[in-house]
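Q: Here it is, the structure, as structure tokens.
Residue numbers (the working numbering): 169 to 1114.
Structure representation (structure tokens):
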């Protein structure tokens, strides 16, 4: 407690000292107002307003509003500028009572008799101006750009920004990798408040749950400031929610879709919004609801390999047909109440995703001479519910802001049913030298000898609850006409709780033979030829065929029947052996070993000062202090189960672990305006990422059957990063924007799961336990971006809008590497040498490129988008020769919109036009580690605004 008192005392003393530097503060004037587009009265976000002859200035917010305080009385004019618009200079009279200025700017290429500004041009202009006025390095997706031709979800939109690549699930964008760092290294917020993780293992967030229809803008911050949460090594993605605009506004959008892989027309998407302002525009109400049904199936292949002698041998090949239906429901309500010199805003957002997955898998385990047939039928429900209340108060001498939020994420799997059948002695030659195709061709596929190995059902519940409260004040300080600043200080408290529970039931190995031998069921089920186990022939689906699997490369049939296996489960779930009275489906004692409860609290304090030296230099410096406390509860010990599934012994007991640490994080940013059309920015920041939940819990799970031990590490170190950034930007009103940025990160204490061999009693077990990498990880690269339009060309070419970006990323990290050397002479001892080897960060693409060509003329608008992601490390093998790398990925998407009379618009989206699969390989393309075909999709719809 004394540490906190000293910490906040220092901040208060510094604030008081800064405040006393300006004894004439209350004698100075202030102005406030709004900047609008003169053609349609839309707010201009990021417009620059300066007091002529001083260092004072500000930029408009997301509503186009601004306020400047501390203006000397001898200053008489302000200048308003916005890239792509004519600048304007206005006279002001500070002796009068503060008035509300309504300022309208005219676009550069709009004459008095032509008053149309296209949405794509406006969206590009808004994004450029917001990036221009920022003191840090950001990328922006503006409201107009989102609304004109919306993507399927927020991840797809962000994936077109510099330095960002996408992880896909079922063919749709799910998570983002920023600057080569895994999704768990990025912070995702809505209106500045963190979204709880939707992942069962790490801290990443599934962005496909966020509908683009509810967004007023997206800001991707590549560099942190002290008033932002520190757990953002990759960066911070913030989603701004819409709020009500004056007058009644509403819309309905309905889309139907086609999935090429499943040849289905069952995709559907609908959205409705309504908003208005009441009480003379004091109270705003915005309501939005959305629904989407999408088929996200795929054809998949995976392979694993080992280095043996001078060659690479195939150890496993898996073919999988995956059918998944996803239903998404969403709704949000946003209320804002305008008070004197401020506002209070309340937002409540709910999103639910229901996933019904049916996957059939054939696994060729050639080393064990086994072929497995597996069917998984499961349901997953993900709920996101977040509420926040924000207050902004623009007082005479300072700005006060406060925010409180409460968020819940529930990820429940109420039902998962896995059935496995095995054929032993399943290959003719067991030749491992001919790659996956050779392994599949060598299989006997003898269904008469394929038996029911086991059946497994389980449930899982993951409950995340986050509370956060924050308050800060900003004090403007005018030291002289050419030196002004803003001092900001604040505090934030976050409390997180996660509860994970599992229940499982599993048949004993080959226990279905009890039913074959039961007199009540004699002759009902077909047994295998040799052992009379329950055969796969009882559960084959003769009416379902998988055609053109993996683009015709492999034959998948015959397949298991989901209805047949579900009927078996329903009938025999309570079945008991007639002689031993044993249950066919016994409790899975190991499943409870994955339960845990985690609590995490973070108390933060921060202070920063933003200096403006003239109109050309901005220096933002400060620090953030965070104190983190973790508390975990977990089962720890050994559970021994007999071959029949009985619990023989258990030393498992509840164990509690605690961990606390603090971070002092200094940061500084400098922006220098070289000219009116060029600036350079420098940044030095410190950020962190907290370990994955599973790595922190004090767990020990010992699987005596598989001879595996899984342990947690409650005292594992958290990840820290020093970040260096530089950025050069060029602006030209008629042409657009050019930027090149470089970054360098030194990341310490990256955690990973280390596999080692230990002796546990007599046998040797595989031990899986998290550790911190002892060596620094380095991530660096550069990004370049061009945003331009061709409005200076004659019609019809003046409707072209162009966005291009390219990123080059380098990284190096280290993982343990064991080298075993056998003595060529008797007694042929094996010498083990534990060392490390250098790899790139998993998931980091070497090169990322995006090209977006938009065209808008009259009532017609379209966009053609091209995405390129170079190879990345996908699978870390036991040796470098069997590491898996994703292949280069290219994707084309097309969107078009046509406006009809009566506020009706027609919409068409075609995604993955060229049916590009996701692929990864070892050193050779003939040895794939993964292939996924998703097909192309098309959506056609109608939007009505009234």
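Glycine is no exception: its CB is placed at the ideal position from the N, C-alpha and C atoms.
On a predicted model such as this, the values are computed, not experimentally measured, just so you know.
(1) Give me the Cβ distance between residue 488 and residue 432, rounded to the nearest whole Å; I'm assuming they're in contact under 8 Å.
(2) Pull up the CB-CB distance for residue 1049 and residue 534, whole angstroms please, since I reckon it's below 8 Å.
(3) Once you ignore the five residues that flank residue 197 on each side, which residues in its own chain have a CB closer than 7 Å to its CB?
(4) Are residue 885 and residue 859 touching if we call contact CB-CB under 9 Å?
(5) Return yes when the Cβ of residue 729 is within less than 9 Å of the Cβ of residue 708, no when it is not.
(6) So for residue 443, helix, strand or coil by DSSP?
(7) Contact between the segment 321–336 and the segment 865–874 is defined here as three or more beta-carbon pairs at a separation below 8 Å; is this criterion met?
(8) Using the three-state DSSP reduction, which class does residue 835 fall into: helix, strand or coil?
(9) Please give me, in chain order, every unbroken run of the alpha helix (DSSP H) with length at least 4 that falls completely inside the segment 966–1051.
(10) Would you report the Cα separation of residue 569 and residue 408, rounded to the nearest angstrom?
(11) For residue 902, does the count of other Cβ atoms within 10 angstroms reach 16, so buried, or fall short, so exposed?
(12) Grouping DSSP H, G and I as helix and E and B as strand, with all else coil, what is residue 880?
(13) Which residue marks the beginning of the alpha helix (DSSP H) containing residue 732, and which one marks its end?
(14) With 16 other CB atoms within 10 Å as the buried threshold, where does residue 529 fall?
(15) Which residues mark the beginning and the end of the alpha helix (DSSP H) in which residue 681 is found?
(16) Between 630, 595, 1024, which has its C-alpha nearest residue 618's C-alpha?
(17) Which ranges does the beta strand (DSSP E) cover as unbroken runs of at least 3 residues, wholly within the segment 609–684, from first to last along the chain?
(18) Just to confirm my understanding: we take residue 742, look at its own chain, exclude 5 residues before and 5 after, and list those with CB closer than 6 Å. What are they?
(19) Count the other CB atoms within 10 Å of the CB of residue 406; is the residue buried (16 or more) or exposed (fewer)?
(20) So, using beta-carbon positions, are residue 891 and residue 916 closer together than 9 Å?
(21) Does residue 465 pass the burial test, meaning 16 or more other C-beta atoms within 10 Å, or should it be called exposed?
(22) Among residues of its own chain, excluding the 5 on either side of residue 1079, which ones have a beta-carbon nearer than 6 Å to its beta-carbon?
(23) Determine, using beta carbons only, whether residue 293 and residue 253 come nearer to each other than 9 Å.
(24) Exposed or buried, what is residue 416 when buried is set at 16 or more other beta-carbons lying within 10 Å of its beta-carbon?
(25) Kindly indicate which three-state DSSP category residue 1063 falls into: helix, strand or coil?
(26) Rounded to whole angstroms, what is the Cα-Cα separation between residue 486 and residue 492?
(27) Between residue 176 and residue 788, what straight-line distance do the alpha-carbon atoms span, to the nearest angstrom?
(28) Return the CA-CA distance between residue 300 and residue 387, expressed in angstroms with no decimal places.
(29) Which class does residue 396 belong to by DSSP, given the choice of helix, strand or coil?
(30) Taking the continuous beta strand (DSSP E) assigned at residue 165, which residues delimit it?
(31) Could you check where the alpha helix (DSSP H) with residue 325 kicks off and where it finishes?
(32) Measuring alpha carbon to alpha carbon, tell me which residue in 583, 1052, 563 is nearest residue 471.
(33) So residue 610 and residue 592 are in contact, right, with Cβ under 8 Å, and what is the actual spacing, rounded?
(34) Is the CB of residue 469 under 9 Å away from at least one CB in chain C?
(35) Is DSSP giving residue 1111 helix, strand or coil here?
(36) Would you say residue 269 and residue 202 are within 9 Å of each other, going by their C-beta atoms?
A: Taking the definition as stated:
(1) Taking the chain shown and counting its residues from 1, the one referred to as residue 488 is at position 320. Taking the chain shown and counting its residues from 1, the one referred to as residue 432 is at position 264. With 8 Å as the limit, residue 488 and residue 432 do not qualify as a contact, their Cβ atoms being about 19 Å apart.
(2) Position 881 of the chain shown holds residue 1049. Position 366 of the chain shown holds residue 534. With a Cβ gap of about 18 Å, residue 1049 and residue 534 do not count as contacting.
(3) Start at 1 with the first residue of the chain shown, and residue 197 comes out as number 29. Here the set comprises 239, 241, 262.
(4) Indexing the chain shown from 1 puts residue 885 at position 717. Indexing the chain shown from 1 puts residue 859 at position 691. Contact annotation: residue 885 and residue 859 have beta-carbon atoms nearer than 9 Å.
(5) As a working note, residue 708 is residue 540 in the chain shown. As a working note, residue 729 is residue 561 in the chain shown. Contact: yes.
(6) For this step, residue 443 is matched to residue 275 along the chain shown. Residue 443: strand per DSSP, three-state reduction.
(7) Counting Cβ pairs under 8 Å, fewer than three are found: no touch.
(8) On the chain shown, residue 835 is found 667 positions in, with the first residue counted as 1. Assignment of residue 835 by DSSP, reduced to helix, strand and coil, places it in the strand class.
(9) Qualifying alpha helix (DSSP H) stretches: none in this window.
(10) Against the chain shown, residue 569 aligns to sequence position 401. Against the chain shown, residue 408 aligns to sequence position 240. Approximately 17 Å between the Cα atoms of the pair.
(11) For the purposes of this step, residue 902 is taken as residue 734 along the chain shown, with counting starting at 1. Using a 10 angstroms sphere on the CB of residue 902, the tally of other CB atoms stays under 16, which defines it as exposed.
(12) As a first step, residue 880 is located in the chain shown; it is residue number 712 there, counting from the start. In the structure shown, residue 880 sits in coil (DSSP, three-state: anything other than H, G, I, E or B).
(13) Here residue 732 corresponds to residue number 564 of the chain shown, with the count starting at 1. Residues 730–740.
(14) Residue mapping note: residue 529 aligns to position 361 of the chain shown, counting from 1. So residue 529 ends up on the buried side.
(15) Position 513 of the chain shown holds residue 681. Here the alpha helix (DSSP H) through residue 681 covers 681–685.
(16) Residue numbering aside, residue 618 sits at position 450 when the chain shown is read from its first letter. Ranking 630, 595, 1024 by Cα distance to residue 618 puts 595 first.
(17) 618–648, 651–675
(18) Looking up residue 742 in the chain shown gives position 574. Nothing listed; no residue qualifies.
(19) By one-based count along the chain shown, residue 406 stands at place 238. With a 10 Å radius around the Cβ and a threshold of 16 neighbouring Cβ atoms, residue 406 comes out buried.
(20) In the chain shown, residue 891 corresponds to position 723, counting from 1. In the chain shown, residue 916 corresponds to position 748, counting from 1. Not in contact: residue 891 and residue 916 (Cβ atoms no closer than 9 Å).
(21) What you label residue 465 is simply residue 297 of the chain shown in a count that begins at 1. Residue 465 should be labelled buried.
(22) The count along the chain shown starts at 1 and reaches residue 1079 at position 911. A distance below 6 Å between beta-carbons, with the five flanking residues on each side excluded, links residue 1079 to the following residues of its chain, in chain order: 1061, 1105.
(23) As a working note, residue 293 is residue 125 in the chain shown. As a working note, residue 253 is residue 85 in the chain shown. For residue 293 and residue 253, yes; Cβs fall inside 9 Å.
(24) In the chain shown, residue 416 corresponds to position 248, counting from 1. The residue is exposed, with fewer than 16 neighbouring Cβ atoms inside 10 Å.
(25) Taking the chain shown and counting its residues from 1, the one referred to as residue 1063 is at position 895. In this structure, residue 1063 counts as strand in the three-state DSSP scheme.
(26) For the purposes of this step, residue 486 is identified with residue 318 of the chain shown, where counting begins at 1. For the purposes of this step, residue 492 is identified with residue 324 of the chain shown, where counting begins at 1. Approximately 19 Å between the Cα atoms of the pair.
(27) Here residue 176 corresponds to residue number 8 of the chain shown, with the count starting at 1. Here residue 788 corresponds to residue number 620 of the chain shown, with the count starting at 1. Residue confidence for residue 176 is low, a pLDDT of 48 falling below 50, so the modelled location carries little weight and cannot support an answer.
(28) Working through the chain shown from its first residue, we reach residue 300 at position 132. Working through the chain shown from its first residue, we reach residue 387 at position 219. If I take the Cα positions, the gap works out to 13 Å.
(29) Within the chain shown, numbered from 1, the residue matching residue 396 stands at position 228. In the structure shown, residue 396 sits in coil (DSSP, three-state: anything other than H, G, I, E or B).
(30) With the chain represented from 169 up to 1114, any question about residue 165 goes unanswered, as that position is not in the structure.
(31) Sequence index remark: in the chain shown, residue 325 carries index 157 (1-based). Its alpha helix (DSSP H) spans residues 322–326.
(32) As a working note, residue 471 is residue 303 in the chain shown. Nearest of 583, 1052, 563 to residue 471, Cα basis: 1052.
(33) What you label residue 610 is simply residue 442 of the chain shown in a count that begins at 1. What you label residue 592 is simply residue 424 of the chain shown in a count that begins at 1. Actually they do not touch by this definition, with Cβ atoms about 15 Å apart.
(34) Any reference to chain C falls outside this structure, which holds one protein chain only.
(35) The residue labelled residue 1111 in the question sits at position 943 within the chain shown. Three-state result, residue 1111: strand.
(36) As a first step, residue 269 must be located in the chain shown, where it is residue number 101. As a first step, residue 202 must be located in the chain shown, where it is residue number 34. A contact, by the Cβ cut-off of 9 Å.
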